[in-house]
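Throughout the sequence shown, residue numbering follows the working numbering, covering 3 to 189 in sequence. Just so it is clear, CB atoms sit at the ideal spot from N, CA and C, and this is done for glycine as well. The model shown is predicted, which means the values in this text are computed figures rather than measured ones. All remarks here apply to the structure that follows.
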Amino acid sequence: MPPSNFNKWATLPDPTPAELARAAAGDVEAFKTIVERYKGMVYSVAYNVLGNHTDAEDAAQEAFLRCYRKLPQYRSEAAFSTWLFRLALTASVDYQRRERRRPEPVEAPDIAGDEPELGDGISAAMLTAALRDLPDDYRVPTVLRDIYGLPYQEIADITARPLGTVKVMVHRGRASLRLRLQAERES
Numbered sequence: 003m004p005p006s007n008f009n010k011w012a013t014l015p016d017p018t019p020a021e022l023a024r025a026a027a028g029d030v031e032a033f034k035t036i037v038e039r040y041k042g043m044v045y046s047v048a049y050n051v052l053g054n055h056t057d058a059e060d061a062a063q064e065a066f067l068r069c070y071r072k073l074p075q076y077r078s079e080a081a082f083s084t085w086l087f088r089l090a091l092t093a094s095v096d097y098q099r100r101e102r103r104r105p106e107p108v109e110a111p112d113i114a115g116d117e118p119e120l121g122d123g124i125s126a127a128m129l130t131a132a133l134r135d136l137p138d139d140y141r142v143p144t145v146l147r148d149i150y151g152l153p154y155q156e157i158a159d160i161t162a163r164p165l166g167t168v169k170v171m172v173h174r175g176r177a178s179l180r181l182r183l184q185a186e187r188e189s
């Protein structure tokens, strides 16, 4: 799982109203500037939802396509980065739902054996697999809180859920992860 750089992206300046207006009017160069500024954040969101580089690239591309189409509807009530984060999250979850309908390909076993451990005998692959097994309702808020370090209120804004619900989902997601990882360690 790549390290989260959300704090770095959260400090990026939002595009100016003039930049947004040009991009919304179809100015390709203005939109390219937005893509360059936020491509790392969008990819990271997609990767943390999907756990696969190829799928994350596809979902990130879909998120930017949605951004391009919906940019004329953007209102500056929320920060642009929060709005784009939500688009990336939605595109990633939609991609995951589409892919679940397809048969799973058989993956080759990892024989490298040099996988880094995160502590307590937990490998990055174990954590990724455990996260992937969580229901979307728990995984998304848990990833946003524990990997991206977002405050609960921002998670509530991104997921369009009440603050109390988000706190419960993160708590349940953590508890479920703890049980899954404990079972994995014991096996």
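- Under a 10 Å Cβ-count criterion, residue 144 is classified as buried, with 16 or more other Cβ atoms of the shown protein chains found around its own Cβ.
- In this structure, 95 is the residue among 128, 171, 141, 95 with its C-alpha nearest to the C-alpha of residue 44.
- Looking only at 128, 91, 64, the smallest Cα-Cα distance to residue 186 is reached by 128.
- Look at residue 125 here: in three-state DSSP terms it is strand.
- Between the alpha carbons of residue 69 and residue 155 lies a distance of about 23 Å.
- Remark: three or more beta-carbon pairs, one from each stretch, lie closer than 8 Å, so the segment 27 to 45 and the segment 54 to 62 are flagged as touching.
- Counted as a single uninterrupted DSSP element, the alpha helix (DSSP H) harbouring residue 140 occupies residues 138 to 148.
- By the beta-carbon neighbour count (other beta carbons within 10 angstroms, threshold 16), residue 75 is exposed.
- A buried status is given to residue 159, since no fewer than 16 other beta-carbon atoms sit within 10 Å of its beta-carbon.
- For residue 154, the enclosing alpha helix (DSSP H) begins and ends at 154 to 161.
- Between the alpha carbons of residue 125 and residue 175 lies a distance of about 18 Å.
- Rounded to the nearest angstrom, the Cβ distance from residue 163 to residue 53 is 23 Å, too far for a contact under 8 Å.
- Secondary structure note for residue 40: its alpha helix (DSSP H) is the uninterrupted segment 30 to 52.
- Here DSSP, grouped into helix, strand and coil, assigns residue 175 to helix.
- Collapsing the DSSP output to three states places residue 67 in a helix.
- For residue 41 and residue 62, the gap between their C-alpha atoms comes out near 8 Å.
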